[in-house]
Amino acid sequence: MLSLGALATGCTNPAKEGTAIASQVIGDKNMGLQIYTLGHELYTGDLSTNLKRIADMGIKNLELAGYDPADRKIGGIERAVFKKMAEEVGLKIVSSHVNPPTVFSGAAGRENRTGRDGYYSGDMKNDIVESFKQIADDHAELGIEYLIQPMMPKEGINNTNDVKIFCDTLNATGEEIKKHGVTFGYHNHNMEFCKVSENSDARFMGDILTRPYVEGEQIIDIMMRETNPDLVIFEMDTYWTIMGQNDPVAMLTTYTDRIKLLHIKDFVVLGESGALNFSNIFNKFFENGNKYYFIEIEDIDSGKQFERLEKSATWLAQQDYVK
Ligand code: MG
8 MLSLGALATG
18 CTNPAKEGTA
28 IASQVIGDKN
38 MGLQIYTLGH
48 ELYTGDLSTN
58 LKRIADMGIK
68 NLELAGYDPA
78 DRKIGGIERA
88 VFKKMAEEVG
98 LKIVSSHVNP
108 PTVFSGAAGR
118 ENRTGRDGYY
128 SGDMKNDIVE
138 SFKQIADDHA
148 ELGIEYLIQP
158 MMPKEGINNT
168 NDVKIFCDTL
178 NATGEEIKKH
188 GVTFGYHNHN
198 MEFCKVSENS
208 DARFMGDILT
218 RPYVEGEQII
228 DIMMRETNPD
238 LVIFEMDTYW
248 TIMGQNDPVA
258 MLTTYTDRIK
268 LLHIKDFVVL
278 GESGALNFSN
288 IFNKFFENGN
298 KYYFIEIEDI
308 DSGKQFERLE
318 KSATWLAQQD
328 YVK
C-alpha cells in the first residue's frame, strides 16, 4: 500500500492536506470502475497488466461493458478468462452493462422490429426477455450482483404511455433476471429527464436541449413510479443527471431506496470542474445504505484514459467522505 501523503505534493497547503489524509492509504475505499472508461486502452497490450494497473490505483470493483450477446465474450475475451485475470489482481466484477436488442434495432446489421416505424412499442418485450435468459446465465456464472441496461430504446419515447410500455418491458426483464440470482437495473443519461405528457408527440431526439419543450412529467419520474422496486433498481450517472438539469442529491433524496448504484462522473477528470458536489452526493448515497459506485470518464478515444483514470482515482481516494 502506498501512503497518500506522497500524492499530496503540490497542494497549496501541505500541512492541512497532510493532516486530512495522513490516516488514509490507497486501498481503504470501495472504489469501482466502469471499464467503458478505458475504451480500447484496456485491451491494448496485455489485459492482465492493464487490470493490475487498475487495481494498483486502489480500485476494487469492476462494472463491465462490452459483453456481446452474439459471442458471449467481454470485449472479445472469454468470460472465464476475464474473470480469472480480474480476480488474480484482486478486482471483483460486481456489475455489467448490457443493452437489449431493441436498443439497436434499425442499426446496421440489425432488423428494425419496433412495430410502429421509428417508435417504441412493446412488440419486442417477449424477445427481449428471452434474450436476457442467456445474458443472465452468462453473468450469473461470473458471480455478479447487477445487470444494468444502460440506454433507452432509440426508437422514441414520446408520451406517457410509451414510458409505461417501456417500463412494462423493464419489469418483465427484471423478473426474468431475478430468477438467475442477479438484480436488474437501469442507468440514466440525460434523455430520461425530458418531459412527456399523455398527448406529447415530439419525437424523442435523445438530447434534452434539442427536444421540443413539453409541459408534462419527466420520463425518469414516471419510470420510478411504473417500475417494480423488487425487479428494477436504478444506477444514477451524476454527470448525465446534471446534464438533464437535475440535482443528483435531490434524486438521491427523492428516490432513497430506488438508486442503488452510482456512476461517479465529472466533465472529464473527477473533481476538476467543480460542477458536481461530490461530498453531498456521496454522503446521501451512503446514508441511503449503498456501497457500490463506479468511476466513469467519457471521451474514450482520447488516448488519455488511463492517465485520466489515475488522476480521478487518486483524487477520489483523497476525499474523506468517500468510503
Ligand atoms: Mg454512466
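When you read off a place in the sequence shown, starting at 1, and then add 7, the result is the number in my numbering.
The beta-carbon is built from N, C-alpha and C at its ideal position, and this holds for glycine as well.
{"Item": "E199 Cβ short of 7 Å to the ligand MG heavy atom set", "Value": "no"}
{"Item": "The segment 41-51 touching the segment 307-326, judged by at least three CB pairs closer than 8 Å", "Value": "yes"}
{"Item": "Contacts around G223, its chain only, beta-carbon distance under 7 Å, and the 5 residues preceding and following it disregarded", "Value": "K202, V203, S204, S207"}
{"Item": "Straight-line Cα distance separating L69 from R60", "Value": "13 Å"}
{"Item": "Endpoints, beta strand (DSSP E) assigned at F313", "Value": "From DSSP, F313 is part of no beta strand (DSSP E) but of the alpha helix (DSSP H) over 312-324."}
{"Item": "First through last residue of the alpha helix (DSSP H) which encompasses T176", "Value": "167-186"}
{"Item": "F244, DSSP secondary structure in three states", "Value": "It should be noted that the sequence gives Asp, not Phe, for residue 244. Of the three classes helix, strand and coil, the one that applies to D244 here is strand, per DSSP."}
{"Item": "heavy atom of the ligand MG below 7 Å from Q41 C-beta", "Value": "yes"}
{"Item": "Exposed unless 16 or more other CB atoms sit within 10 angstroms - verdict on Y328", "Value": "exposed"}
{"Item": "Terminal residues of the alpha helix (DSSP H) in which K90 lies", "Value": "86-95"}
{"Item": "Close-in-space but distant-in-sequence residues of the same chain around N166 (CB under 7 Å, 5 per side omitted)", "Value": "V203, S204, E205, N206, S207, D208"}
{"Item": "Those residues, in chain order, that have a beta-carbon closer than 5 Å to some heavy atom of the ligand MG", "Value": "D244, H270, E303"}
{"Item": "For T51, the nearest candidate out of S103, G83, L154, V275 (CA to CA)", "Value": "G83"}
{"Item": "Distance, K99 Cα to L54 Cα", "Value": "15 Å"}
{"Item": "Three-state class that DSSP yields for D144 in the structure shown", "Value": "helix"}
{"Item": "Straight-line Cα distance separating A147 from E317", "Value": "30 Å"}
{"Item": "Enclosing beta strand (DSSP E) for S286 [first to last residue]", "Value": "Not the beta strand (DSSP E): S286 falls in the alpha helix (DSSP H), residues 285-294."}
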